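Peer 1: Before I ask anything, here is the structure I am working with.
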């Protein structure tokens with residue numbers, strides 16, 4: 015019952031979760047739309063909506079990193095029996111790509127867990143600063159080539175900035191989620207080990 019109550023608290027909408035969900039869902043949809051750049055030379059494929067408006071920005075790589083756990087899990091689940099293709103084919107079309115309904119659901123789950131961990135486990139100013147700074151390191155590493163793009167083509171400032179900002183958002187998600195998963199696993203182990211210790215102590219006393 016305690017676990018169900020915690021899950022209910024985790025997924026309950028709040029302003030912070032909704033705002034984070036909007037950012038994650040937008041990144042997912044924009045990333046899917048920008049995949050059209052890899053197939054735009056195929057005849058007969060309709061251009062997705064908003065594709066031309068999103069071209070000056072960089073969302074695809076950040077989306078790819080953000081969506082990696084989802085696609086890894088779906089591959090593991092769908093490889094033995096391919097039921098995913100039937101589900102995906104029922105999603106609405108966005109030109110040459112499908113509307114990522116499953117990705118939007120994943121985005122809400124990611125936003126819920128991130129916000130829950132931030133509020134529950136990252137409570138002190140020191141932990142908050144450490145979390146924000148830790149996410150900067152992989153962001154800079156993964157976007158290392160962006161500096162050269164800016165040097166060669168200074169007019170692509172929006173492309174570079176959007177890449178850094180969205181990747182930083184994704185890295186915050188990973189840093190916070192990994193820490194949240196660690197806290198949950200530790201709590202589960204402590205709950206299991208605690209009664210065993212009490213039982214062993216009672217046997218020693220007897």
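Numbering (the working numbering), first residue to last: 15 to 220. Backbone N, C-alpha and C fix where the C-beta goes; we use that ideal spot for every residue, glycine too. This one's a predicted model, so the numbers in the text were calculated from it and none came from an experiment.
1) With three or more C-beta pairs closer than 8 Å as the rule, is the stretch 126-138 touching the stretch 23-34?
2) Would you call the stretch 63-79 and the stretch 37-55 in contact, with 3 or more CB pairs under 8 Å?
3) Less than 7 Å separating the beta-carbons of residue 46 and residue 114?
4) Looking only at its own chain, which residues have a Cβ that is under 8 Å from the Cβ of residue 162, when we skip the five neighbours before and after it?
5) Near residue 294, which residues of its chain fall below 6 Å by C-beta distance, leaving aside the five closest residues on each side in sequence?
6) Residue 31 to residue 191, Cα distance in whole Å?
7) Nearest-angstrom Cα distance between residue 70 and residue 147?
8) Distance, Cα to Cα, residue 111 vs residue 142?
9) Residue 19: which of 86, 130, 197, 68 sits nearest, CA to CA?
10) For the alpha helix (DSSP H) that contains residue 130, what are its first and last residues?
11) Helix, strand or coil: which one does DSSP assign to residue 31?
12) So which of 44, 85, 90, 80 has the shortest CA-CA distance to residue 65?
13) I'd like the list of long-range same chain contacts for residue 132, defined as Cβ closer than 7 Å, with 5 residues on each side in sequence excluded.
14) Can you round the beta-carbon distance between residue 184 and residue 84 to whole angstroms, since I take them to be within the 8 Å contact cut?
15) Buried or exposed: residue 160, going by 16 or more other Cβ atoms within 10 Å of its Cβ?
Peer 2: Reading from the atomic positions:
1) These segments touch.
2) yes
3) One-based indexing of the chain shown puts residue 46 at position 32. One-based indexing of the chain shown puts residue 114 at position 100. It is a contact, given that the beta carbons lie within the stated cut-off.
4) On the chain shown, residue 162 is found 148 positions in, with the first residue counted as 1. So no residue of the chain qualifies.
5) Look at the range of the chain in this structure, 15 to 220, and you will see that residue 294 is not part of it.
6) What you label residue 31 is simply residue 17 of the chain shown in a count that begins at 1. What you label residue 191 is simply residue 177 of the chain shown in a count that begins at 1. Each residue's CA atom was taken as its position, placing residue 31 and residue 191 some 14 Å apart.
7) Within the chain shown, the letter at position 56 stands for residue 70. Within the chain shown, the letter at position 133 stands for residue 147. Distance between the alpha carbons of residue 70 and residue 147 is about 28 Å.
8) Position 97 of the chain shown, counting from 1, holds the residue named residue 111. Position 128 of the chain shown, counting from 1, holds the residue named residue 142. Approximately 38 Å between the Cα atoms of the pair.
9) For the purposes of this step, residue 19 is identified with residue 5 of the chain shown, where counting begins at 1. Considering only alpha carbons, the answer is 130.
10) For the purposes of this step, residue 130 is taken as residue 116 along the chain shown, with counting starting at 1. It spans 115-134 - the alpha helix (DSSP H) in which residue 130 sits, taken as one unbroken run.
11) For this step, residue 31 is matched to residue 17 along the chain shown. Helix, per DSSP.
12) As a first step, residue 65 is located in the chain shown; it is residue number 51 there, counting from the start. Minimum Cα distance to residue 65 is reached at 44.
13) Counting from 1 along the chain shown, the entry for residue 132 is found at position 118. Contacts found: 190.
14) For the purposes of this step, residue 184 is taken as residue 170 along the chain shown, with counting starting at 1. For the purposes of this step, residue 84 is taken as residue 70 along the chain shown, with counting starting at 1. With a Cβ gap of about 12 Å, residue 184 and residue 84 do not count as contacting.
15) Within the chain shown, the letter at position 146 stands for residue 160. It is buried - the Cβ of residue 160 has at least 16 other Cβ atoms within 10 Å.
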